[in-house]
Every structure is written in C-alpha cells, then in structure tokens.
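> Residue numbers (the numbering used here), protein chains in the order written: chain A, 14 to 334; chain B, 14 to 334.
1. In this structure, how does DSSP classify residue 136 of chain B when only helix, strand and coil are distinguished?
2. Assign residue 344 of chain B to buried or exposed, taking buried as 16 or more other Cβ atoms, counted over all protein chains shown, within 10 Å of its Cβ.
3. What first and last residue would you give for the alpha helix (DSSP H) that runs through residue 120 of chain A?
4. Report the neighbours of residue 303 of chain B on chain A: residues whose CB is nearer than 8 Å to its CB, in chain order.
5. Excluding five sequence neighbours on each side, which residues of the same chain lie with their C-beta closer than 6 Å to the C-beta of residue 76 of chain B?
6. Hey, how far is the Cα of residue 150 of chain A from the Cα of residue 127 of chain B?
7. Specify the secondary structure class of residue 218 of chain B as computed by DSSP and reduced to three states.
8. State the start and end residues of the unbroken alpha helix (DSSP H) segment that holds residue 338 of chain B.
9. Only counting the same chain, and skipping five residues up and downstream in sequence, which positions put a Cβ closer than 6 Å to that of residue 70 of chain A?
10. On a CA-only basis, which of A:206, A:36, A:267 and A:287 is nearest residue 297 of chain A? Give me that one, please.
11. Where does residue 91 of chain B fall in DSSP's three states?
12. Going straight from the alpha carbon of residue 170 of chain B to that of residue 16 of chain B, what length do you get?
13. Is the beta carbon of residue 238 of chain A closer than 8 Å to that of residue 287 of chain A?
14. Do the region 270-281 of chain A and the region 204-222 of chain A make contact, defined as three or more Cβ pairs closer than 8 Å?
15. Measuring only between beta-carbons, confirm whether residue 30 of chain B sits less than 8 Å from chain A.
16. Since residue 178 of chain B is in the alpha helix (DSSP H), which residue starts that stretch and which ends it?
17. Should residue 203 of chain A be labelled buried (16 or more other beta-carbon atoms within 10 Å of its own) or exposed?
18. Could you check whether residue 224 of chain B and residue 197 of chain B sit closer than 8 Å to each other, using their CB atoms as the reference points?
19. Within 10 Å of its beta-carbon, does residue 40 of chain B have 16 or more other beta-carbons around it, so buried, or fewer, so exposed?
20. With a threshold of 8 Å between beta carbons, is residue 326 of chain A in contact with chain B?
21. Report back the beta-carbon spacing between residue 166 of chain B and residue 129 of chain B to the nearest angstrom; my notes put them in contact at under 8 Å.
22. For a cutoff of 8 Å on Cβ pairs, would you count residue 128 of chain B as touching chain A?
23. What would DSSP say about residue 398 of chain A, mapped onto helix, strand or coil?
24. Compile a chain-ordered list of the residues in the region 62-85 of chain A whose CB is closer than 7 Å to at least one CB of chain B.
25. Could you check if residue 257 of chain B is buried or exposed, using at least 16 other CB atoms within 10 Å of its CB as the buried criterion?
26. Keeping to the same chain, check which residues put their C-beta closer than 7 Å to that of residue 208 of chain A; ignore five residues upstream and five downstream.
27. In chain A, which residues lie with their C-beta within 7 Å of the C-beta of residue 323 of chain B?
28. Chain B beta carbons: is any one of them nearer than 8 Å to that of residue 95 of chain A?
29. Chain B partners of residue 219 of chain A, CB-CB under 8 Å?
30. From the DSSP output, which residues share a beta bridge with residue 56 of chain B?
31. Are the beta-carbon atoms of residue 31 of chain A and residue 117 of chain A separated by less than 8 Å?
32. Helix, strand or coil: how does DSSP classify residue 200 of chain A here?
33. Looking at residue 136 of chain A: is its Cβ nearer than 8 Å to the Cβ of residue 99 of chain A?
34. Return yes when the Cβ of residue 131 of chain A is within less than 8 Å of the Cβ of residue 19 of chain A, no when it is not.
35. Can you find a CB in chain A that lies within less than 8 Å of the CB of residue 153 of chain B?
36. According to DSSP, simplified to helix, strand and coil, what is residue 45 of chain B?
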C-alpha cells in the first residue's frame, strides 16, 4: 500500500464545513467573520506519550483529545485539524483502529480533518487544531488576578495512577486499573466547559504536565501567586473513589503533579461562584474549588489543617530525566 | 535544559502580526476579512527526508520551505506556522543553527512562528503553515483544462543529482556537487510566483515527489491527460548547466522523476503565454513551457523528435521500497 492509497483508505472523507479538505497542496477554510482563530499543536511520541501496546483506537482518540484540550483551555470552538503521521510500516489493522478512534472524537466535536502528511519513520503523531473564538474572549494564562478562586474540572490523578501500575510501582485491583487506564488513554477534552467559561473565568490552562506545574505557568504569566488547598483530596468531585483508596502522599503526588489529566485549571472572581457552578452543571462537568490566587508571589500548598506542605512536586518535563 | 527553557531560548519571539504568539495553550490570529485560510502540513523524518549529517541551519530552512511551497502551489500569502519538534537530546548548537535557518526563511516571507511543541524522541520535524487567499482564487489541482499549456518554474533534477552522489551512484566534481546539494538542502519556495499566478493559471502543484508523479495528481483530479515534451532538457531555463553534462537517460530520470525540487508545475490557457512570461519576469523566476494538457487521458512523454518514450518513471512514495 502506497502513501496515497493509505490516505485515501483511512483518512480521506468528503469536506463538510471546509471549502476544500484532504487531497490538494493546501486545505481551505472560510473563517467566520470577525472571529479570531485559535491554533495549537501537539506531538505524541511512542514510549514518551504512549506505550507501544496501547489500543490504536484509543491512541487516535488521545492524539486529538490533547489538542482539543488546548482549544478548550482558550475557550475556543473546534473547527478543523491536520494530522502528520510517521509510521514504521503501513499496517491496515492499526490504521483502521487509529482512524476510527480519531474520527469518533473529531465527529463528536464537529472538528474536521482537513489535511496531513504520512511518512515512514519511528511512530510519531503530530496534530494541529484550529478553532475560533470571539475577539478579546479567549481564556489566557496571563489573566489571573489576586483574589480569584482557583478551580479544577473533572478528576485529577487517575492517569498517573495507571502509569504507576504500568511502571510496576503500584499494584491495584483489575477494575481499578482499567478505570484509571481509561482516564489515561481516553482523556475527555473539556471543550464545552471552556466555551462556557468565556466572559466568566479569568485565566485558564489545561492540566497536561501536572496541576502544580501548569498552575506555575499561569502564576508566572499573571505575576501573581497561589494558595492550593488539599482538603478536597479527602473527598470531593475532583478525586475519584479509586484515588481515595491510596495513601495520602500518593494521592497528593498523583493529583497535584501526576500529569496527563487534560482537565481545565482556571481562575475566576469570587463573585462568579454561583455562575461557575451553574454553567458547570449545564455542561455536566464537575468543577471543584481548590484554592485561590494571591497577590504575594509563590505557590503554597496547604494541608487540610491549613499548614504549609513542604515537599517538592516535580512536574513532567520532556527534557528532564 | 528543560523543554520550556529550550523554547524560550530558541523559539520564542514577541508576536508581531499574531494577536498572541508562542507561550499559551493556543496562539491567536485575526484573519483578514473575507479571505480564505490555506493550511498545509509536512513532516520531515531523519534518513527519509534529510541526512543526519545535514547542516542544522539548512534543515531549519528546508523544513519551512517545503511547507511554504505548498502555500505557493495554492497561490496563498504566508501568514504563520506552528512547529512540532522531536529531538533525541536538547543540543544548543544544533538548535541555534536550526532556528537561525528557520527564522531567516520565515522572516523573508513575513511568516510568523506562533506555536509549537517540543519533545524527546527520534528526530522529527512537523510544521503546519497558514496562509490566506481571496475566495475562488486558490490554484487547485482539479482545475487543469484540455488545451492548457504546461509549465514548470526554476530548474528540476538538481536535488536528485545531489542525492545520487550521496548514495554513491554518481560521481561529479566538487563544485557541481555543492551547487546540486544547495538545491537539495536549500530549496526556494516559489511563494511570489504562486501569488502572481492567481487568476492566470488554472491548476498548480509543487514538485516534491517528482514532476511526472506530481503531474499525475493534477491529471487524475482534473480528468484530463498530458503530453510532456523533453526538448527543453537539451537546453532551457528549466535545466541547469550541471544537469546538462549528464547522459540523456539520467537527465530524463532526474528532471522528470527526481523529486525534492519544490518548483511549481502549473497549467494555463494558451492565450496567457505572454502574461505568464511577463509575471515570471516580474518575480524573477524563470518559467518554462514543457508540454500541454490533453482531453485524452494518460500521460505521454515525447522525445525531442516527438516520438513516445516508453520507460517507467518511478515517483517517490513514502511507503514503497
């Protein structure tokens, strides 16, 4: 099977919203009048971002999900994406699964594959997503303000739980593992929540490298500090029943520095508390208040008794050991 | 050096035209009112698209050039690009060279780096470019018409000459090799020519896999055939003095099926001949008429005496041996 047959068989579908889809030198889209375009790109490498044993349909889902998560963090509406794929060989079974998982998520968000590139090489998946957002309404990292509440969507720490089982550092029951593994391999980008937060939240970021590390980017950009509470790790919508069964320090590590959660971490004025909970309820995504933004710089993590926790939470970095 | 330091040191520059550049979850751009967006993506893999010994500045140039060439083939004006980079290690010397070559070409075309991703992994460079083009004016593969002239820009075959020397299949003088190597490693995307051809040319494609193979895409999409002459391979603007020194069959193979040329192959009505040469002269890119589009399907290559050449010209395919 040649490159063009592979594309035709697995990735070429008629353009729906795009003016011109897969198959020419460029794709063409007609942006809505007056909207800004939001663009993000993420590259997934075998052994670094996923295991070689992962189900290809789940991998197709995840490769797009991590990109949609970036649009969500800006409050953008997904429009279209491109896919560049390096494959060791053209394996139809693998490609069928991969494209099935990819398109299922794409279709759920009305996000159209408009172009791409395939080549022979070590497995590498690079996606660029395009979305749109009204001018001045994108949720950005630099917009946190002292006094803001700090929230996280969904649950955090489960993906790390699965990773530690894969690494042999942790042993749990089979059903616990499968649930955590699904959170790691099938993350849910919070696209509707991101859009609902436009005009309400101040700053937002998606949790990919770990909650505290990603929060650090917001603090640095916004020139503020934060206090992160941990009482919610004793039981709240943000911690799964499975994570609750783990010892306290593991819970802290997995939830605050686990990574791969693809939840939204955002700040909003105190006066918006009711509105935040109402809109979260509208989009059926739990949202938990986990701390607040402070004028004083630095990031303080407090134990449930309000005392500072002095441990180092290492965030995931692609060029650190 | 961590991922964020690497980005800050080598790839982060203040946004100029973009509303928001590198450093948030998404970049933001404001498309010009009424314009369509043209989007293309190309992935370069070591050993497949470039040799491990290539000068990193040249590689930075080429990675963007092959993408700009796709915009050129649609007649689009470059706006911005994203860069995803998998690197075996964070090597500052390499990154300095790579980013220098990349930004030199980007700046020459006013094309801004607005986002990206870096990760550890086998060397892989994936770029997505965004451009804009007035509605209905993009040059597309399906628009060739029977009776059209067929043209190619610049010279073809030189990149393949260099590749065959690298492969040890051909021996040439050092200066010949260096010139051919520069054509292979520093291709010139025909961005201005592509824009000048809007409203004049019918179909266009860039020559990346080989002239005849790429022409085949145009013919298939347009439902037409073509006659390609070869008299121009005995001496014309489309064949370099170095290629002219090679035996006839090598010249045929390199020019018609060599690949990696990044020239524009386009069709235009006979009545536009004068205009084509005038606009080519305006943008200082030679353009050579090399055949014509026929109503009869199929691709016929004629020798300088007008007799059919019956050889197989294999085009480059990333999943064929």
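Yeah, the Cβ is synthetic: ideal placement off N, Cα and C, and Gly gets one too.
This is what the structure gives:
1. coil
2. Only positions 14 to 334 of chain B appear in the structure, and residue 344 of chain B is not among them; the question remains open.
3. 105-121
4. Within chain A, no residue comes near residue 303 of chain B; the closest Cβ sits about 19 Å away, beyond 8 Å.
5. 57, 138 and 140
6. 19 Å
7. strand
8. No answer is possible for residue 338 of chain B: it lies beyond the span of chain B, which begins at 14 and ends at 334.
9. 110, 113 and 114
10. A:206
11. strand
12. 39 Å
13. no
14. yes
15. no
16. 171-179
17. buried
18. no
19. buried
20. no
21. Actually they are not in contact, since the Cβ atoms of residue 166 of chain B and residue 129 of chain B sit about 30 Å apart, beyond 8 Å.
22. yes
23. With chain A running from 14 to 334 in the structure shown, residue 398 of chain A is simply not present.
24. 83 and 84
25. exposed
26. 88 and 90
27. Under the 7 Å cutoff, chain A gives no residues; its nearest Cβ is about 23 Å from residue 323 of chain B.
28. yes
29. 38
30. B:139
31. no
32. coil
33. yes
34. yes
35. yes
36. coil
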